[in-house]
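Participant:
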Amino acid sequence: MRTDERSEAAKNMAAIGSSGHYDGKLAPYDITVSQAHVAMLLKQEILPADAAAELQRALEELKQRILAGADLLDPDAEDVHTAIEQYLETQIGADAGWLGTARARNDLAVTALRLWIRDQVISLRTKILALTEAMLAQAEKHAATIMPGFSHLQIAQPMTFGHVCLAYAETFLRDAERISFVLTLQDECPMGSAALAGTGFPIDRVTVARSLGFRQPTANSLESVGDRGFALDFLSAGASVALNLSRFSAEIVFWSSQLVGLITLPDELVSASSAMPHKRNPDAAELIRGKSGRVLGNLHALQTVVKGLPLSYFRDLQEDKEPLFDTAETLALSLDAAVTLATLMQPNTDAMRSATDIDFVTSGDLADWLTRERGVPFREAHHLVTELVRLSEKRKCPLSALPLEARRDIDPRLALAEWPDISIETSVDSRDSQGGTSPKRVAEAAAQLRSRLAEFIEFETDFSDQEIIKQEGEVKR
Ligand code: ARG
């Protein structure tokens, strides 16, 4: 090969192979793992004490400078892990070479990534809980605010706005639980797996795992270096969050349309059209909905990367980073915007009440009444009310105004002296089964959700504090 061909080849390899220009956010995690590794190597008398001390000093200094915003690592290095080793060599010379003892980039990269995911989960979960709280607060305030309940986007039954808000609060709390589960499943430390087969050095994997806040080391070195199940779990839980945010946004877009007018959004969250100044486009909601596409795509991207790979590490797996980074970043943005939407949306309570007041909106309640109070089997009652609705339409009168004779003509069982006029309020109050829309039930469900939320926050915060304290304590020794 000619020299110019060689240099072209090297350039192209570097261009496709280097992740150093985008994986720098893993640097503090890489360093934390290295600190735990060096501490263990010293304890096991694998490293000379002076080299271990030098390494710890240089690692800590680098970490502090990076956290303070310094740009010290070579973006052209093959990856952040290589860049850190190269940097350490410029600082402490040959002693830096001890760091690679009894480990490989394979176990290092995957351990650092688990630590990064842990931080993302904790921070995204806080935002999901804030969104849950915002919807819960709306529900508490509007437990008795009447609005139309939709199915198929048809006005189906009277409902309370509080009930609808609680529906989303439930969904979001479950997303917080789902994303927490990612931590439970990835709570094992791959360090010590080395390249793929473990190492001949007398390492102590339990010590490293515990000092990094993991429950225990992974069981199989070969599985550990090629497994990206933990990354897929994060992307999958993230996809669920994005999916639910998208549905919530679609609801907001619908509610805020002029034709619907059930809510008003604050000026800051809408944009005016330059050509049509009267418009209030719900851009924030639309963007959350739009951005969910990439979060769903990121899951699919990594699934596709992994699906053809036999055991152990392949360079394909370097492609795990960008989907992960993008999902974390997009969800953080989207959740912040969603919290603002949830907090600041203003239900137009009068408009909600009058939108509910369509003809025959309580016809289902009448069928229920016939079954409950007059013992008509429900299918028949439903059929009879359909006939009554037809007749009312023809006579242009409400169901309650149909005279006894007209009802008798439909069915003798309808010749009742007492004939109810079921109001929207009566309808809503009557739906008081557990989980139902009646104001009483909504208030009760909101109180229950509030205590579940508090319990969850207390449990999860305890858990993550412990991990962080454990990690800091061990690393400092
Ligand atoms: N940057 C790589 C990754 O993230 C590092 C893993 C080790 N590389 C290797 N050639 N064994 O996947």
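Here the sequence shown is numbered in the numbering used here, starting from -2 and rising by one per residue. We put the CB at the ideal spot given by N, CA and C, even for glycine.
1. Can you find at least 3 beta carbon pairs, one from the stretch 338 to 348 and one from the stretch 128 to 136, that sit closer than 8 angstroms?
2. Closer than 7 angstroms: is that where the CB of residue 213 sits relative to any heavy atom of ligand 1?
3. Run through DSSP, which three-state label would residue 199 get?
4. Give every residue of the same chain whose Cβ lies closer than 7 angstroms to the Cβ of residue 399, excluding the five residues on either side of it in the sequence, and list them in chain order.
5. Can the beta-carbon of residue 491 be found closer than 8 angstroms to that of residue 81?
6. Cβ of residue 28 within 8 angstroms of Cβ of residue 98?
7. Can you find a heavy atom of ligand 1 that lies under 7 angstroms from the Cβ of residue 191?
8. Cβ of residue 310 versus every heavy atom of ligand 1: is any distance shorter than 7 angstroms?
9. Using C-beta distances below 6 angstroms, list every residue in its chain close to residue 470, excluding the 5 sequence neighbours before and after it, in chain order.
10. Say the cut is 7 angstroms; is the CB of residue 27 nearer than that to a heavy atom of ligand 1?
11. Three-state secondary structure (DSSP) at residue 261?
12. Just curious, the alpha helix (DSSP H) that residue 320 is in, first and last residue?
13. Confirm, please, whether the CB-CB distance from residue 19 to residue 193 is below 8 angstroms.
14. Looking at residue 61 and ligand 1, is the gap between the Cβ and the nearest heavy atom below 7 angstroms?
15. In whole angstroms, what is the alpha-carbon distance linking residue 141 and residue 188?
16. Can we count residue 426 as close to ligand 1, meaning its CB is less than 7 angstroms from some heavy atom?
17. Quick check on residue 357: does DSSP put it in helix, strand or coil?
18. Can the beta-carbon of residue 303 be found closer than 8 angstroms to that of residue 225?
19. Taking only runs of the alpha helix (DSSP H) that begin and end inside the stretch 190 to 256, which ones reach a length of at least 4 residues, in chain order?
20. Per DSSP, residue 157 forms a beta bridge with which residues?
21. Measuring only the C-alpha atoms, how far is residue 200 from residue 217?
22. Within 10 angstroms of its Cβ, does residue 158 collect 16 or more other Cβ (buried), or is it exposed?
23. For residue 10, count neighbouring C-beta atoms within 10 Å of its own C-beta (all shown protein chains included) and say buried if the count is 16 or more, exposed if not.
24. Just how far apart, CA to CA, sit residue 290 and residue 269?
25. By the 10 Å Cβ neighbour count, where 16 or more other Cβ atoms means buried, how is residue 445 classified, buried or exposed?
26. For residue 7, which of 397, 75, 186 has the nearest alpha-carbon?
27. Tell me, to the nearest whole angstrom, how far the beta carbon of residue 397 is from that of residue 374; I am working on the premise that it is less than 8 angstroms.
28. At a cut-off of 7 angstroms, is residue 102 close to ligand 1 when judged by its beta-carbon and the heavy atoms of the ligand?
29. Can you tell which of 171, 315, 426, 272 has its C-alpha closest to the C-alpha of residue 223?
30. Could you tell me whether any non-hydrogen atom of ligand 1 is closer than 7 angstroms to the CB of residue 151?
31. Here's the rule I'm using: 16 or more other beta-carbon atoms within 10 Å means buried, otherwise exposed. How should residue 466 be labelled?
32. Can you tell me which of the three DSSP states residue 409 falls into?
33. Would the stretch 283 to 302 and the stretch 200 to 210 be scored as touching if the rule is three or more Cβ pairs under 8 angstroms?
34. Could you give the uninterrupted runs of the beta strand (DSSP E) lying entirely in the stretch 95 to 127, keeping only those of 3 residues or more?
35. When every heavy atom of ligand 1 is checked, does at least one fall within less than 7 angstroms of the C-beta of residue 314?
36. Can you tell me where the alpha helix (DSSP H) with residue 384 in it begins and where it stops?
Facilitator: The short version:
1. yes
2. For the purposes of this step, residue 213 is identified with residue 216 of the sequence shown, where counting begins at 1. Checking the Cβ of residue 213 against ligand 1 gives no.
3. Indexing the sequence shown from 1 puts residue 199 at position 202. If DSSP states are grouped into helix, strand and coil, residue 199 belongs with coil.
4. Residue 399 sits at position 402 when you count from the first residue of the sequence shown. 385, 388, 389.
5. Residue 491 cannot be examined here, being either before or after the span of the chain that is shown, -2 to 474.
6. The residue you call residue 28 lines up with position 31 of the sequence shown. The residue you call residue 98 lines up with position 101 of the sequence shown. Against a cut-off of 8 angstroms, the Cβ pair of residue 98 and residue 28 comes out as no contact.
7. Along the sequence shown, read from residue 1 onward, the residue named residue 191 stands at position 194. No, the Cβ of residue 191 stays beyond 7 angstroms of every heavy atom of ligand 1.
8. As a working mapping, residue 310 is identified with position 313 in the sequence shown. Yes, the beta carbon of residue 310 sits closer than 7 angstroms to at least one heavy atom of ligand 1.
9. As a position in the sequence shown, residue 470 is number 473, starting the count at 1. Note that residue 470 scores a pLDDT of 42, beneath 50, so its modelled location is shaky; the value from the coordinates is reported in the next line. No residues qualify anywhere along the chain.
10. Here residue 27 refers to the residue found at position 30 when the sequence shown is read from its first residue. No, since every heavy atom of ligand 1 falls outside the 7 angstroms radius drawn around the Cβ of residue 27.
11. Mapped onto the sequence shown, residue 261 falls at position 264. Three-state DSSP puts residue 261 in a strand.
12. The sequence position of residue 320 within the sequence shown is 323, counting from 1. It spans 318 to 341 - the alpha helix (DSSP H) in which residue 320 sits, taken as one unbroken run.
13. In the sequence shown, residue 193 corresponds to position 196, counting from 1. In the sequence shown, residue 19 corresponds to position 22, counting from 1. No. Outside cutoff.
14. Residue numbering aside, residue 61 sits at position 64 when the sequence shown is read from its first letter. Every heavy atom of ligand 1 is 7 angstroms or more from the Cβ of residue 61, so no.
15. Stepping through the sequence shown from its first residue, residue 141 is reached at position 144. Stepping through the sequence shown from its first residue, residue 188 is reached at position 191. For residue 141 and residue 188, the distance between alpha carbons rounds to 55 angstroms.
16. Locating residue 426 in the sequence shown gives position 429, counting from the first residue. Incorrect: residue 426 has no Cβ contact closer than 7 angstroms to ligand 1.
17. Numbered from 1 along the sequence shown, position 360 holds the residue referred to as residue 357. Three-state result, residue 357: coil.
18. For the purposes of this step, residue 303 is identified with residue 306 of the sequence shown, where counting begins at 1. For the purposes of this step, residue 225 is identified with residue 228 of the sequence shown, where counting begins at 1. Yes, the Cβ-Cβ distance between residue 303 and residue 225 is below 8 angstroms.
19. 202 to 208, 218 to 223, 226 to 253
20. Here the question's residue 157 lines up with position 160 in the sequence shown. In DSSP, residue 157 forms a bridge with 143.
21. Residue mapping note: residue 200 aligns to position 203 of the sequence shown, counting from 1. Residue mapping note: residue 217 aligns to position 220 of the sequence shown, counting from 1. Distance between the alpha carbons of residue 200 and residue 217: 15 angstroms.
22. Translated into positions along the sequence shown, residue 158 becomes position 161. So residue 158 counts as buried.
23. Position 13 of the sequence shown, counted from the first residue, corresponds to residue 10. Residue 10 is exposed by the Cβ-count criterion.
24. Along the sequence shown, one-based indexing puts residue 290 at 293. Along the sequence shown, one-based indexing puts residue 269 at 272. One C-alpha to the other measures close to 25 angstroms.
25. Here residue 445 corresponds to residue number 448 of the sequence shown, with the count starting at 1. Classification of residue 445: exposed, given that the 10 Å Cβ count is below 16.
26. Within the sequence shown, residue 7 is the residue found at index 10, counting from 1. Among 397, 75, 186, the Cα nearest to that of residue 7 belongs to 75.
27. By 1-based counting over the sequence shown, the position of residue 397 is 400. By 1-based counting over the sequence shown, the position of residue 374 is 377. Wrong, their Cβ atoms sit about 23 angstroms apart, outside the cutoff.
28. The residue labelled residue 102 in the question sits at position 105 within the sequence shown. It does: the Cβ of residue 102 is within 7 angstroms (strictly closer) of some heavy atom of ligand 1.
29. Working through the sequence shown from its first residue, we reach residue 223 at position 226. Residue 223 has its Cα closest to that of 315, out of 171, 315, 426, 272.
30. Residue mapping note: residue 151 aligns to position 154 of the sequence shown, counting from 1. The answer is no for residue 151.
31. Residue numbering aside, residue 466 sits at position 469 when the sequence shown is read from its first letter. Since pLDDT at residue 466 reaches only 46, below the 50 mark, its modelled position is unreliable, and no value is offered.
32. For this step, residue 409 is matched to residue 412 along the sequence shown. Helix at residue 409.
33. no
34. none
35. Residue 314 sits at position 317 when you count from the first residue of the sequence shown. Residue 314 Cβ: within cutoff of ligand 1.
36. Reading the sequence shown from its first residue, position 387 is the one you call residue 384. Note, residue 384: alpha helix (DSSP H), 375 to 392.
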